[in-house]
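Here the numbering used here is used: the first residue of the sequence shown is 75, the next is one more, and so on. A short worksheet on the structure shown next.
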Amino acid sequence: MKQKIAVYLPLFCLLSYWYVEFAAVFLAVLLTGNIFKIFRGFNRKHFLYLLLFVGIEMFIMALLDYDMRKFFEQVGLVVTTAIGYRAYFIYVLKKDISFFVKCYLNMSVVIVVYALVAYALNITISGRLEGWGGEPGDIALLILPALVYYFYHKEISIRCALTVLAFVLASSTASFAALFIILALFLFVYNRKNFFKLIVAALVVFVVSSAVSSYLSDNKSDNNDAALKFKETWEMLQSNRFSFYDLETLNASTYAFLTNLCVAEQAPSRLLGTGLGTHPINYEKIYPSRSTTYRLYGLNANDAYSLSIRVFSELGILGLFLLFVFMYKNFNSLSLFSFMAMSYLINACITGGHYTANGGMLFFVFFYFAGRYVQQDAFLGEQKVKKEGQYFNKNNCRVR
Numbered sequence: 075m076k077q078k079i080a081v082y083l084p085l086f087c088l089l090s091y092w093y094v095e096f097a098a099v100f101l102a103v104l105l106t107g108n109i110f111k112i113f114r115g116f117n118r119k120h121f122l123y124l125l126l127f128v129g130i131e132m133f134i135m136a137l138l139d140y141d142m143r144k145f146f147e148q149v150g151l152v153v154t155t156a157i158g159y160r161a162y163f164i165y166v167l168k169k170d171i172s173f174f175v176k177c178y179l180n181m182s183v184v185i186v187v188y189a190l191v192a193y194a195l196n197i198t199i200s201g202r203l204e205g206w207g208g209e210p211g212d213i214a215l216l217i218l219p220a221l222v223y224y225f226y227h228k229e230i231s232i233r234c235a236l237t238v239l240a241f242v243l244a245s246s247t248a249s250f251a252a253l254f255i256i257l258a259l260f261l262f263v264y265n266r267k268n269f270f271k272l273i274v275a276a277l278v279v280f281v282v283s284s285a286v287s288s289y290l291s292d293n294k295s296d297n298n299d300a301a302l303k304f305k306e307t308w309e310m311l312q313s314n315r316f317s318f319y320d321l322e323t324l325n326a327s328t329y330a331f332l333t334n335l336c337v338a339e340q341a342p343s344r345l346l347g348t349g350l351g352t353h354p355i356n357y358e359k360i361y362p363s364r365s366t367t368y369r370l371y372g373l374n375a376n377d378a379y380s381l382s383i384r385v386f387s388e389l390g391i392l393g394l395f396l397l398f399v400f401m402y403k404n405f406n407s408l409s410l411f412s413f414m415a416m417s418y419l420i421n422a423c424i425t426g427g428h429y430t431a432n433g434g435m436l437f438f439v440f441f442y443f444a445g446r447y448v449q450q451d452a453f454l455g456e457q458k459v460k461k462e463g464q465y466f467n468k469n470n471c472r473v474r
């Protein structure tokens, strides 16, 4: 009973404030009596790497004359949260990834039911399904891995139907895109024929949609606001000649995405970045508040709208490269759980620039462990070799 409480505690705090989630994960480790083991497994090499990273970042920020306070806040938060979730998977879950997924699915059902009830009662700010996360994109991001699980098992159940309904009502374009990408990735690995069919179908839909949007906007037909907006955005991206003032004419999501992307591109030190936690400083320097009176100015300036944009802004090309290397090296195509975690990371790279909030650090650590401990109910391969009482797949990853 104590272990179940410890496992569920951080899960139900994912959409709360970061410090609530932070406290929950350490309380979970404390409840299982493992708080003094939290640094076990770390050595001098890890400390030296951290020290080297901090030293390089401080040097860069000193050259740029950037305030370092936010940097130290972010380093402390990211490092301690990562250490906490590492201990959570090792000492609370005892590396039982299947049990974690079971608890995660149960938690997602509770979140979905709450969100649907709130939506039915018209408790919403944006008009879309939000739940207690505050934004539609947050709940879509969090339940996307559950959809991957249900779709793979072809599950027909109430919880699957409710999750699909909530996902659709949240109407997150980024989450729809992430679902398409993870589906394409799965088909590319396991069914190349259907993969090419999916790509062809997607291209046809895109071409037809673009043609229809262009026709409606050119002919000034009724109810063509969306089509006109699509055409304007597409033409702006193609021209690559636009100012921040031009971006202020777009819808909120496109404005947030493009302004933060432009800030990241124009920020100094593009190879190594400007330092962890410095994107808001870049935003103010490149797109100063005194230059505009636009009511949505500063939208997503703290998280850069997207994890990939934020990493590019703060850690540069090298940081973005290392992020993708981490995802490539730790992805295990033989694990269903690895596909689930990957769907979250892909979504976050499109939209969701928080390092720790909304389960960011949890799913990074989950992704790491899911690729290394492939349990039998997650194993997607067919060849198993019995070895020393355990099962190993052809890539020598342990299968329980």
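Idealized CB from N, CA, C, for every residue including glycine.
Is it right to say residue i is buried, meaning 16 or more other beta carbons lie within 10 angstroms of its own, or is it exposed?
i	result
I383	buried
V242	exposed
I199	exposed
S363	exposed
M416	buried
G211	buried
V103	buried
G158	buried
Q449	buried
K176	exposed
F110	exposed
E229	exposed
T348	buried
T425	buried
N432	buried
N297	Below a pLDDT of 50, predicted positions are generally treated as unreliable, and N297, at 49, falls in that range; the measurement from the model is reported next regardless. Result: exposed.
L218	buried
N469	Only weak support is given to the placement of N469: the predicted model assigns it a pLDDT of 48, under 50, and the value that follows is read from those uncertain coordinates. Burial call: exposed.
E339	exposed
K144	buried
M75	exposed
F254	exposed
In terms of residue numbering, what span does the alpha helix (DSSP H) encompassing residue i cover?
i	result
P210	P210 to H227
M435	G434 to R446
I199	First-last for I199: undefined, no H or E at that position.
F452	A small correction: the amino acid at residue 452 is Ala; Phe does not occupy that position in the sequence shown. Careful: A452 lies outside any alpha helix (DSSP H) and carries neither H nor E.
R233	I232 to A244
I256	T247 to Y264
Y82	K76 to L85
E95	W92 to L105
L321	F318 to L321
Judging by CA-CA distance, which residue of the options is the nearest neighbour of residue i?
i	options	result
L261	F413, A97, D377 and L218	F413
A220	N268, A240, P210 and I360	A240
S365	N376, E322 and S387	E322
V385	L408, Y402, S409 and C423	C423
N404	L381, G390 and V439	V439
F174	R202, Y447 and G455	Y447
P84	K76, L101 and M75	L101
V191	W206, M181, N180 and L179	W206
G390	I130, K271 and E95	I130
A258	A275, Y193 and L373	A275
I355	F116, R315, M142 and V99	M142
N325	Q312, R369 and V337	R369
G434	L253, S380, L122 and S231	S380
T86	K76, T155 and L179	Before going on, a small fix: residue 86 reads as Phe here, not Thr. Of the candidates K76, T155 and L179, the one whose C-alpha sits nearest the C-alpha of F86 is L179.
V187	E209, S172 and I232	I232
L373	A235, L394 and Y357	Y357
Y319	Q312, L346 and C336	C336
V184	Y223, F225, Y226 and C234	C234
For residue i and residue j, which I take to be in contact (beta-carbon distance under 8 Å), what is that distance rounded to the nearest angstrom?
i	j	result
T352	Y140	6 Å
Y418	L215	7 Å
S213	I420	A quick correction: the sequence has Ile, not Ser, at residue 213. That pair is no contact at about 17 Å.
V152	Y329	In fact, because the Cβ distance is near 28 Å, the residues do not count as touching under 8 Å.
E95	L105	Actually they are not in contact, since the Cβ atoms of E95 and L105 sit about 15 Å apart, beyond 8 Å.
L350	Q148	5 Å
T247	S182	Between S182 and T247 the Cβ distance is about 21 Å, and since that is not below 8 Å, they are no contact.
A189	L203	5 Å
L408	F453	6 Å
N108	A161	6 Å
A444	I171	6 Å
Can you tell me whether residue i sits near the ligand COA, meaning its C-beta is under 7 Å from at least one heavy atom of the ligand?
i	result
D451	The model on display carries no ligand, and the ligand COA is accordingly not part of it.
Within the segment 136-181, ranges of the alpha helix (DSSP H) (whole runs, at least 4 residues): Those alpha helix (DSSP H) runs which fall completely within the segment 136-181 and span 4+ residues are 143-161.
Uninterrupted alpha helix (DSSP H) stretches inside the segment 338-415 (no shorter than 4 residues): 353-360 and 381-404
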